[in-house]
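If you read the sequence shown in my numbering, its first letter stands for residue 1, the second for the next number, and so on.
Glycine included, each C-beta is placed from N, C-alpha and C at the ideal position.
This report concerns only the one structure given below.
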Amino acid sequence: MLSGASIYSSNWLACSDTYGSDPQELPDGAPRCLVRLRLGAARCFGGSGTTFNANAGGIETGTFAKLILPDGKEASLPILHPSTGTDKFVNISTLHKQVGHYTYDPGFTCTASCASSITFIDGDEGILTYRGYPVDQLARKSCFLETSYLLLYGELPSPSELDDFKSEVKKHMLLKKDLLDFFAHFPTGAHPMAQMTSVVAGLSAFYPVNLDVKNEDQHKEAAVRLIGKMPMITSMVYRNNLGLPVSYPHAELDYTGNFLRMMFENPMYPGGMNRIYSDEVYTVVQKAMDVFFILHADHEQNASTSTVRIAGSSQANPYACVSAGVASLWGPAHGGANEAVIDMLAQIGKKENVAEFVRKVKNKEDGVRLMGFGHRVYKNYDPRAKYFRELVQDVLKVMDVKDPSLEVAMELERIALTDDYFVQRKLYPNVDFYTGIMLRALGIPTNMFTCLFALSRTTGWISQWAEMVEEKGFRISRPRQIFIGAPERTYPGL
Ligand SMILES: CC(C)(COP(=O)(O)OP(=O)(O)OC[C@H]1O[C@@H](n2cnc3c(N)ncnc32)[C@H](O)[C@@H]1OP(=O)(O)O)[C@@H](O)C(=O)NCCC(=O)NCCS
């Protein structure tokens, strides 16, 4: 077992010893001392590296809101503002102490549950940034692992830091044999998200070394391990349901290349892939897939991320928390939306049926909604959708896929962007409207779509989790309720 600590300068700690018992995680010939935890305040894991302290819970404006209750009691509540944007927040954390009242905000639509320095969204303007960088710039110029590093550390990596990060992630791409055996025991046809939720939670059993949440040295290792293992977990879910043999990651391929290979490797053509035949197709598909991962990497405090934070607030381990995020993402109002888009497009069938479908949506007949349209936060064009719209067309062209769904989608988009019903309600296409079409062109079954979303979002979940658990004095989340049930009554006996 190597003790790497001595070979690095004082702000680097080698943690190769934690890998000594886990040879399956190391590709042949990979040096064991490459995995390092960087210590030090300037760019600590989960920190922004700026002077803005997310842990302070926003920036004091020096102004206060006064709340006067019917009984005459008054509460003075500080107004906070963020480092970017014009939103203002009333800090109600002392409200109960001051006047004995709670607040009521179902669905947290008007409540900030935390202060975070990771992702910024201005839904009215259609802006999305990761650590300050607009997501469309990252999508066009960065790669998924560079973006993951940015989300985790708060700054872009130097070339050598990126190389180190890529090697660390690569070393964690393999799944242990015992973990692979999980897949053999799911019933045939088990929902991919059911398999993924279980296997991600199962990582807790395989890596007890990462379970001590108070040990910050373990946070980065758990993060890299999760990011590394998600492609093979996703491919196993896919291959398991198709009855295909295991496909392993290769040291010479990058992250997205490994994902594509593990998904589409065909045992009849060693080294080849099912549907991505030529170099030209591979280049376009690899880029589009990488962009898909970048665009889904984080989205501030959505339902699944809030789930990860709430689970983590009890000091549950990172694998269990990310598994809770996967479960939350499963629902059709969240990660399942691109699957719902494909179902809707298939139901509409052809361009000529679009107008009738839109009429039903507008009349709210049978609760029909335009899937892939509207967003709780964006009241403008989803910034992730714009570039992806272009990429989908590139992928279909290079793969020579004539998908009638695309024609239906374009007609729906055309009508919805000009129709008063949608314009007045600020309902624009969201990213899910286009991603489903690309995933289908690649031959990925619709019930696998959310798994790909989960793969990408793992980076965001673990970054948000780390930001929270590394916050000084973080507390367990415990919302209140307004009880509307029966008053206390006496149990009558059997
Ligand atoms: C995402 C979503 C849940 C956000 O909902 P929300 O912010 O709570 O918006 P509301 O449900 O309050 O809707 C506001 C109004 O717009 C309408 N609306 C919202 N989304 C709509 C849609 N996709 N199609 C048709 N009408 C829609 C509502 O019927 C409501 O109309 P009303 O004012 O006449 O009652 C919602 O837009 C939706 O269901 N979209 C489709 C699913 C989807 O694509 N989800 C993925 C999000 S990334």
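Going by C-alpha positions, G460 is about 34 Å away from T418. Taking the Cβ atoms as the reference, R131 lies roughly 7 Å from L151, within the contact range of under 8 Å.
Between the alpha carbons of K360 and N353 lies a gap of roughly 11 Å. DSSP places H81 in the strand class (E or B) of the three-state scheme.
For H375, the shortest separation between its Cβ and any heavy atom of ligand 1 lies below 7 Å. Between ligand 1 and R414, a heavy atom-to-CB distance of less than 7 Å is absent.
Exclusion of R457 from the 7 Å shell around ligand 1 follows from its C-beta lying no nearer than that to any non-hydrogen atom of the ligand.
Residue environment: S314 is assigned as exposed (fewer than 16 neighbouring CB atoms within 10 Å of its CB, all protein chains considered).
The beta carbon of L295 sits no closer than 7 Å to any heavy atom of ligand 1. A distance below 8 Å separates the beta carbons of T458 and V322. For the pair S306 and M468, the Cα-to-Cα distance works out to about 11 Å. Taking one beta carbon from each stretch, the segment 187-199 and the segment 429-443 have fewer than 3 pairs nearer than 8 Å; the two do not touch. Rounded to the nearest angstrom, the gap between the Cα atoms of H296 and T119 is 12 Å. Minimum Cα-Cα distance from I444 among the listed residues I342, R140 and A112 corresponds to I342. The C-beta of R261 has 16 or more other C-beta atoms within 10 Å across all chains shown, which makes the residue buried. Out of L442, K350 and V291, the CA that lies nearest to the CA of V408 is found in K350.
Set against 7 Å, the gap from the CB of K364 to the closest heavy atom of ligand 1 is smaller.
By the Cβ criterion, the segment 424-431 is in contact with the segment 370-388, since at least three pairs of Cβ atoms, one from each stretch, lie closer than 8 Å. Inclusion of E216 and E488 in the CB contact set at 8 Å is not warranted, their separation being larger than that value. Just measuring C-alpha positions, the residue of S167, A65 and E161 sitting nearest R225 is S167. Inclusion of L77 and I59 in the CB contact set at 8 Å is not warranted, their separation being larger than that value. Under the three-state reduction of DSSP output, I118 falls in the coil class, being neither helix nor strand. Shown here, K472 sits in coil according to DSSP, grouped into three states, outside any helix or strand. By the criterion of at least three beta-carbon pairs nearer than 8 Å, the segment 248-266 is in contact with the segment 225-240. E356 sits in a helix when the DSSP states are folded into three classes. Scanning its chain for C-beta atoms nearer than 8 Å, with the 5 sequence neighbours on each side dropped, one finds around F206 the residues K176, D178 and L179, in chain order. Within 10 angstroms of the beta-carbon of L455 lie 16 or more other beta-carbons, which makes it buried. In this structure, the straight-line span from the alpha carbon of C110 to that of P479 is close to 14 Å.
In the three-state reduction of the DSSP assignment, P231 falls in the helix class.
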